[in-house]
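Student:
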Amino acid sequence: MDNFELTKIAGAVLAALLLIFGGKTLIEMRSEGRPVVVGYALPGGEPAAAPETNDKAAAETKDAAAVDGKMAEVAAPADGKADAAAAPAADGGSDIVALLVKANADNGKGAFSKCKSCHVVEKGKASTVGPNLWGVVNRPKGASEGFKYSEALKAKGGEWTFENLSAFLRNPKGYIAGTKMVFAGIKDPAEEADLIAYLATLADTPVPLPK
Ligand code: HEC
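Using the working numbering, you'd call the opening residue of the sequence shown number 29 and step up by one each time.
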């Protein structure tokens with residue numbers, strides 16, 4: 029086998045591993061709302077029996093770490109307030125009514141860019157990765173026509189009140205263990221209130237905000 033062939037094989041193996049572990053890591057990191065860490069501790073330089081295998085392993089390790097690093101950036105909250113806001117997240121929603129009084133739906137529309145990769149909001153438009161969010165405020169949970177919800181979400185019951193939305197958006201997995209919404213959560217309560225105020229406008233009759 030010449031070098032070129034080896035490179036190709038190594039490349040194929042790497043690509044497969046990255047797909048598997050990279051994807052899994054991303055999902056785990058995002059869902060736990062605890063970015064970074066995973067993947068850095070891999071030992072890179074330990075001598076192994078066959079030098080050829082060792083080289084490959086080392087290359088894989090390095091590459092995996094690099095990818096994890098990138099993903100950590102993606103998953104990390106932009107404002108860096110994750111830790112500060114982590115405590116109130118547990119009972120999320122209790123302060124949302126007060127926050128909504130000062131909320132700004134226009135800002136929320138901007139913040140919705142975080143959701144756009146998975147959600148459409150236009151009335152009647154087919155759902156994408158996540159359900160269409162037109163009219164989601166006060167809608168029964170799991171009620172977007174034709175969307176295949178997780179069992180966990182379907183079993184949750186009730187409606188998407190401001191409080192429930194807030195609890196969910198702060199910590200999706202914390203509010204519905206087993207939800208398939210892979211999103212770390214909004215860590216800034218004011219931003220979250222803006223976002224919910226925006227969601228409230230997405231209806232034939234917008235849901236009035238608390239005054
Ligand atoms: C990576 C994709 C993804 C992102 C990003 C995402 N969501 Fe979701 N969302 C989903 C999926 C998938 C579901 C369905 C969850 C289930 O069935 O457990 C969902 C469900 C929901 C629901 C429940 C709707 C219903 O009909 O019951 C709401 C509300 C929601 N998302 C709001 C948001 C908001 C607001 C954002 C941005 C802050 C956001 N999501 C970001 C994928 C995503």
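All C-beta atoms, glycine included, are put in the ideal place defined by N, C-alpha and C.
With DSSP collapsed to three states, give me the class of E220.
Tutor: It is helical.
Student: Rounded to whole angstroms, what is the Cα-Cα separation between V157 and D30?
Tutor: Approximately 44 Å between the Cα atoms of the pair.
Student: Count the other C-beta atoms from every protein chain shown that fall within 10 angstroms of the C-beta of F32, then say buried if there are 16 or more, exposed otherwise.
Tutor: Its Cβ having fewer than 16 others within 10 Å, F32 is exposed.
Student: Measuring from the CB of Y177, is there a heavy atom of ligand 1 at a distance below 7 Å?
Tutor: Yes.
Student: Indicate whether G136 and Y226 have their beta-carbon atoms separated by less than 8 Å.
Tutor: Contact flag set, yes.
Student: Buried or exposed, going by whether 16 or more other CB atoms sit within 10 Å of the CB of V164?
Tutor: Buried.
Student: By alpha-carbon positions, which one of R198, K142, P217 and L34 ends up nearest to V129?
Tutor: It is P217.
Student: Do W162 and K151 have their beta-carbon atoms positioned less than 8 Å apart in this structure?
Tutor: Cβ atoms of K151 and W162: closer than 8 Å.
Student: Using the rule of at least 16 other Cβ atoms within 10 Å of the residue's Cβ for burial, across every protein chain shown, is T35 buried or exposed?
Tutor: T35 comes out exposed.
Student: Assign S122 to buried or exposed, taking buried as 16 or more other Cβ atoms, counted over all protein chains shown, within 10 Å of its Cβ.
Tutor: Counting Cβ neighbours within 10 Å, S122 comes out exposed, since fewer than 16 surround it.
Student: Cβ of S172 within 7 Å of any heavy atom in ligand 1?
Tutor: Yes; taking the cut-off as 7 Å, the Cβ of S172 has a heavy atom of ligand 1 nearer than that.
Student: Ligand 1 and V164: does the residue's C-beta get closer than 7 Å to at least one heavy atom of that ligand?
Tutor: Yes, the beta carbon of V164 sits closer than 7 Å to at least one heavy atom of ligand 1.
Student: Considering only residues of the same chain and omitting the five flanking positions on each side of E187, which have a CB-CB separation below 6 Å?
Tutor: So the list reads N166 and P168, once near-sequence residues are dropped.
Student: Is it right to say L181 is buried, meaning 16 or more other beta carbons lie within 10 angstroms of its own, or is it exposed?
Tutor: So L181 ends up on the buried side.
Student: Please report the distance separating the alpha-carbon of N160 from that of A38.
Tutor: Whole-angstrom Cα-Cα distance: 42 Å.
Student: Applying the 10 Å Cβ sphere with the 16-neighbour rule, what's the burial state of I214?
Tutor: So I214 counts as buried.
Student: Under 7 Å: does the beta carbon of S145 sit that close to some heavy atom of ligand 1?
Tutor: Flag set: Cβ of S145 near ligand 1.
Student: Which of helix, strand or coil does DSSP assign to M99?
Tutor: Here the model assigns M99 a pLDDT of 47, short of 50, so the residue's position is not dependable and the matter cannot be decided.
Student: Going by DSSP, what residue range makes up the alpha helix (DSSP H) through T240?
Tutor: Given a span of 29 to 239 for the chain in the structure shown, any question on residue 240 remains unanswerable.
Student: Taking 7 Å as the cut-off, is the C-beta of K142 nearer than that to any heavy atom in ligand 1?
Tutor: Flag set: Cβ of K142 near ligand 1.
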